[in-house]
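Novice: Residues -5 to 138 in our numbering are what the sequence shown spells out, letter by letter.
My structure is below; once you've seen it, I'll send some questions.
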Amino acid sequence: MISRLAKISDVPGITIIHKELFPGEMANSHNQVKSEYHRVYVTVDSHDTILGYVIYQVIDGEAEIYFFGVKEEFQSQKIGQELFNYSIEELKKEKINKITLEVKESNLAARKIYEKFGFINVGIRPRYYHDEDGIIYVWEDKTI
């Protein structure tokens, strides 16, 4: 298993996971992989099959997580943690010192990962998701 920057050839695998995890959400990963304002990272197995992905928008030294997911059959195997750690280290190399995100209040597994990596719950966005509130998390590294 290895984490790396996504390539255009990864888009079909990202799209499959995206549709599995976020039904009804439009996948725009092709444009995001090519965009200078986005960073898309993936974790792949030894056959280069996409196991998970994370998409950030990057502007003015800050990043926002748009999507973060691991194929359902590979969840709870620390793949998300490995991918998240890799992506944060890569963003630090670009002098990104702040990352924000929103997550469903009920998504306790994701919230646990974010908190493990030092993200702080800074508020609630009522009905951010059509069916529930979003929790706003922020990570900052003031040494960068």
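Glycine included, each C-beta is placed from N, C-alpha and C at the ideal position.
Determine the extent of the beta strand (DSSP E) in which Asn115 is found, giving its start and end residues.
Specialist: Asn115 -> beta strand (DSSP E) spans Ile114 to Tyr123.
Novice: Would DSSP call Ala0 helix, strand or coil?
Specialist: Here Ala0 sits in coil by DSSP.
Novice: Compare the Cα-Cα distances from Lys65 to each of Val48, Lys28, Ile93 and Ile2 and report the closest residue.
Specialist: Lys65 has its Cα closest to that of Val48, out of Val48, Lys28, Ile93 and Ile2.
Novice: So, for Lys1: in the same chain, excluding its five sequence neighbours on each side, which residues have a beta-carbon less than 8 Å away from its beta-carbon?
Specialist: Hits under 8 Å: Val27.
Novice: Assuming Glu58 contacts Ile90 under a Cβ cut-off of 8 Å, what Cβ separation, rounded to an integer in Å, is found between them?
Specialist: About 10 Å; that fails the 8 Å criterion.
Novice: For Thr37, does the three-state DSSP call read helix, strand or coil?
Specialist: It is a strand residue.
Novice: Evaluate Phe62 with the Cβ neighbour count: other Cβ atoms within 10 Å of its Cβ, from every protein chain shown; 16 or more gives buried, anything less gives exposed.
Specialist: Phe62 comes out buried.
Novice: Give the DSSP-derived three-state secondary structure of Tyr50 in the structure shown.
Specialist: DSSP places Tyr50 in strand when its eight states are reduced to three.
Novice: Classify His41: buried if its beta carbon has 16 or more other beta carbons within 10 angstroms, exposed otherwise.
Specialist: Per the 10 Å Cβ criterion, exposed.
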